[in-house]
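Worksheet: one structure, shown below.
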Amino acid sequence: MPVIMRLGSIRIMIFADDHNPPHFHVSTPDHDALMRIDDLSILQGQITARTLQQVRQWAQMDGNRQHLEEEWRRLNER
């Protein structure tokens with residue numbers, strides 16, 4: 025599972041051959057969640073409000089959501 029980004033203790037990952045809808049995994053030492061790429065909502069799991077805010081801010085920065093979409097396609101659309 026490639027780690028796309030580390031934000032301190034937060035890991036953002038995309039798994040190969042994963043299920044739809046396109047999403048990424050957010051992992052911290054205490055929590056794990058799956059987040060949709062298109063609207064940055066939580067699909068499954070739990071993370072703190074602070075982690076959610078940090079991940080959303082990162083994803084909305086220049087090119088990061090596009091990078092997530094490209095990595096999803098590269099790893100899951102074969």
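For what it's worth, the numbering used here labels the leading residue of the sequence shown as 25, then goes sequentially.
Note that CB positions come from ideal geometry on N, CA and C, so glycine has one too.
Flag this pair as touching only if the region 65-72 and the region 89-96 have three or more C-beta atom pairs under 8 Å; answer yes or no. no
What distance in whole Å lies between the Cβ atoms of V50 and I34, which are believed to be in contact at a cut-off of 8 Å? 6 Å
Ordered along the chain, which non-local residues of its own chain (more than five positions away) have a Cβ less than 8 Å from that of L31? Counting only Cβ-Cβ distances below 8 Å, and skipping sequence neighbours, we find Q78, V79 and W82.
How many Å lie between P26 and I71 at the Cα? 20 Å
Return yes when the Cβ of E95 is within less than 9 Å of the Cβ of I38, no when it is not. The answer is yes: Cβ separation under 9 Å.
For L105 and D54, what's the separation of their Cα atoms in angstroms? It is not possible to answer for residue 105, since the shown part of the chain is limited to 25 through 102.
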